[in-house]
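Per UniProt numbering, residue 1 is the first one in the sequence shown, and the count goes up by one each step.
C-beta atoms are modelled at their ideal positions from N, C-alpha and C, and glycine is treated no differently.
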Amino acid sequence: MFNRLHNNQNAKPYYTWNDHLKDHFGSKVMKISLDAGFDCPNRDGQVAYGGCTFCSQRGSGDFAGDRKDDLVTQFHSQKEKMERKWKTDKYIGYFQAYSNTYAPVETLRSYFETILEQEGVVGLSIATRPDCLPDEVVNYLAELNERTYLWVELGLQTVHERTANLINRAHDYDCYKEGVAKLRAHGIRVCAHIINGLPLETENMMLETAKEVAKLDVQGIKIHLLHLLKKTPMVKQFEKGYVELLDQERYTKIVVDQLEVLPPTMMIHRLTGDGPADILIGPMWSTNKWSVLNGIEAEFQKRSSWQGKHYEGVSP
Numbered sequence: 001m002f003n004r005l006h007n008n009q010n011a012k013p014y015y016t017w018n019d020h021l022k023d024h025f026g027s028k029v030m031k032i033s034l035d036a037g038f039d040c041p042n043r044d045g046q047v048a049y050g051g052c053t054f055c056s057q058r059g060s061g062d063f064a065g066d067r068k069d070d071l072v073t074q075f076h077s078q079k080e081k082m083e084r085k086w087k088t089d090k091y092i093g094y095f096q097a098y099s100n101t102y103a104p105v106e107t108l109r110s111y112f113e114t115i116l117e118q119e120g121v122v123g124l125s126i127a128t129r130p131d132c133l134p135d136e137v138v139n140y141l142a143e144l145n146e147r148t149y150l151w152v153e154l155g156l157q158t159v160h161e162r163t164a165n166l167i168n169r170a171h172d173y174d175c176y177k178e179g180v181a182k183l184r185a186h187g188i189r190v191c192a193h194i195i196n197g198l199p200l201e202t203e204n205m206m207l208e209t210a211k212e213v214a215k216l217d218v219q220g221i222k223i224h225l226l227h228l229l230k231k232t233p234m235v236k237q238f239e240k241g242y243v244e245l246l247d248q249e250r251y252t253k254i255v256v257d258q259l260e261v262l263p264p265t266m267m268i269h270r271l272t273g274d275g276p277a278d279i280l281i282g283p284m285w286s287t288n289k290w291s292v293l294n295g296i297e298a299e300f301q302k303r304s305s306w307q308g309k310h311y312e313g314v315s316p
């Protein structure tokens, strides 16, 4: 991967998921975000109530389809919106909102197979929690993995248990590692989600989370900026002084520090995040995605650095 990045003048200093998709499929692939109407076990009382304190009323699916519509309608509506910006004939169905394996296998099968039947769909990406992976669900995911391009996205957010309690994650790090192991036993690709700027976390704590992810058998990562949204429990934490919204310069340096310790082969699915303008409290600079991404590349250039420069493991 080092040679690929540094022998190509147009390559980014990190391994993007888009680059991987182009390598894998030979052309651009569009991700279509869907809301299948799932819930979460830390919202409905199965393990906790209220959900993660940062999570929006739409279960972090604010840019997904409208759950009032059936999945086929959502798919085509979202596809039409995306095609105003990008043209392609290949799509990945992204089950984004809430926990998308939190249902009986029969329900999962009906939803996932419906999207796989749509023209041009080449795979699925399924966002869920590590405590929503009973054996029968994992066995079905393994079946899917044999016949389509599949990712399972697992929200870690942080490896620090104090923070996990503050954000009401309602599972521990051991549970996360067990979930990864279950999926990897069947060769299923896993994407870890982490968030920078969580309550009372320092830069060193955020870097420690990245270092732990580097040790896991995960193939991709999403690095999110914590953004504060109206009507979330985190608003009260912010008012109590537990949350400090990161400025862009600080966030940029944290992300580059993290990418430097990740394996150079790990696919970077996301490097920032924002929320809908009508409910976003801050940071407002997060809405300018290209400024954030350009700033990250500029920081790499300033350091003469790249993803994996300080990685301490052995890449596969």
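- In terms of Cβ geometry, Cys191 and Glu244 do not form a close pair [threshold 7 Å].
- Residue state for Ala36 is assigned as coil, using DSSP reduced to three classes.
- Under the three-state reduction of DSSP, Thr128 is assigned to strand.
- Going by beta carbons, Phe300 and Val261 fall outside the 7 Å limit.
- Annotation: Ile188 is outside any alpha helix (DSSP H) and is labelled neither H nor E by DSSP.
- The residues Glu136, Val137 and Tyr140, in chain order, have a CB closer than 7 Å to that of Val105 in the same chain once the five nearest residues on each side in sequence are set aside.
- A distance of 7 Å or more separates the beta carbons of Tyr14 and Leu225.
- By the Cβ neighbour-count rule, Pro134 is exposed, with fewer than 16 other Cβ atoms within 10 Å of its own.
- Spatial neighbours of Glu201 in its own chain (CB-CB distance under 6 Å, excluding positions within 5 residues in sequence) are listed in chain order as Thr163.
- Assignment of Trp86 by DSSP, reduced to helix, strand and coil, places it in the coil class.
- Annotation note: the region 108–161 contains the following uninterrupted beta strand (DSSP E) runs of length 3 or greater, listed N- to C-terminal: 121–128 and 149–157.
- Beta-bridge analysis with DSSP links Asn196 to Leu225.
- For His310, the secondary structure class from DSSP, reduced to helix, strand or coil, is coil.
- About 13 Å separates the beta carbon of Ile195 from that of Leu229, a gap too long to meet the 8 Å contact definition.
- Between the region 176–187 and the region 233–243, the count of C-beta pairs closer than 8 Å stays below three; the two stretches do not touch.
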